[in-house]
Amino acid sequence: MERTLSIIKPDGVQRGLIGEVIQHLEKNGLKIIAAKMIHMTGREAEGFYDVHREKPFFSSLTAFMTSGPCVVMVLEGENAISRYRDLMGATNYKEAAEGTIRREFATDIEKNVVHGSDALETAVFEIGYFFSQLEIVL
Ligand code: GDP
48 MERTLSIIKP
58 DGVQRGLIGE
68 VIQHLEKNGL
78 KIIAAKMIHM
88 TGREAEGFYD
98 VHREKPFFSS
108 LTAFMTSGPC
118 VVMVLEGENA
128 ISRYRDLMGA
138 TNYKEAAEGT
148 IRREFATDIE
158 KNVVHGSDAL
168 ETAVFEIGYF
178 FSQLEIVL
């Protein structure tokens, strides 16, 4: 069993896609073991995306991520990290496979509806960034 962090980004929440995204997850056997809505501050978004601090899109990305509320969730399942990445599709929705969340709903390389951890260590950091032990159901 593995855990991963999922975020429905501000574009997904604002466009009414929470239900669609959750349906994709549940239909594909990923179990939600924690969930909440948050509206990140600039500092929170910068800390979350610290690995991208030097990228040219960093300030645009953090502005986008603080532009409205997000839904953050912890997902659990066998190979949850790679399975959820597969469901999301490529970062650039134009390169994402048919039937993936980003291919279906993203409108832009940045406004791509969802986030998912990309590796085990990242998942541990990202889950701990948003959730305490007590908020995760066992
Ligand atoms: P992910 O793991 O698929 O989310 O992709 P990355 O970790 O590479 O990038 C993090 C997020 O930054 C992406 O999901 C996009 O929202 C955004 N992003 C990535 N590449 C670009 C880019 O070239 N331009 C802009 N504006 N945003 C980007």
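To convert, count from 1 in the sequence shown and add 47; that's my numbering.
For glycine and all other residues, C-beta sits at the position ideal for the given N, C-alpha and C.
Computed from a predicted structure; not experimentally measured.
| message | So, under 8 Å CB-CB, Val161 and Arg149 are touching, yes? Tell me the CB distance rounded to an integer number of Å. | response | Looking up residue 161 in the sequence shown gives position 114. Looking up residue 149 in the sequence shown gives position 102. Right, the Cβ-Cβ distance comes to about 7 Å (below 8 Å), so this counts as a contact.
| query | Cα-Cα, which of Val121, Leu52, Ala81, Arg62 is closest to Phe152? | reply | The residue labelled residue 152 in the question sits at position 105 within the sequence shown. For the residues Val121, Leu52, Ala81, Arg62, the minimum Cα distance to Phe152 belongs to Arg62.
| Ala82 - partner residues in DSSP beta bridges | As a working mapping, residue 82 is identified with position 35 in the sequence shown. Looking at the DSSP assignment, Ala82 forms a beta bridge with Met120.
| said: What does the alpha-carbon distance come out to for the pair Ile55 and Lys78? | reply: For the purposes of this step, residue 55 is identified with residue 8 of the sequence shown, where counting begins at 1. For the purposes of this step, residue 78 is identified with residue 31 of the sequence shown, where counting begins at 1. Near 15 Å, if we compare the C-alpha coordinates of Lys78 and Ile55.
| Within 8 Å: the Cβ of Val98 and any heavy atom of ligand 3? | For ligand 3, the structure offers nothing, since it holds only ligand 1.
| request: Specify, as a first and last residue, the run of the beta strand (DSSP E) that Ile55 falls within. | output: Numbered from its first residue, the sequence shown carries residue 55 at position 8. Counting along the chain, the unbroken beta strand (DSSP E) around Ile55 starts and ends at 49-55.
| said: Taking 8 Å as the cut-off, is the beta-carbon of Thr147 closer than that to any non-hydrogen atom of ligand 1? | reply: Looking up residue 147 in the sequence shown gives position 100. False, no ligand heavy atom lies under 8 Å from that Cβ.
| query | Do the CB positions of Leu52 and Ile174 come within less than 9 Å of each other? | reply | Residue 52 sits at position 5 when you count from the first residue of the sequence shown. Residue 174 sits at position 127 when you count from the first residue of the sequence shown. In contact: Leu52 and Ile174 (Cβ atoms closer than 9 Å).
| Three-state secondary structure assigned by DSSP to Gly115 | Indexing the sequence shown from 1 puts residue 115 at position 68. DSSP, reduced to helix, strand and coil, places Gly115 outside both helices and strands of the structure shown, so it counts as coil.
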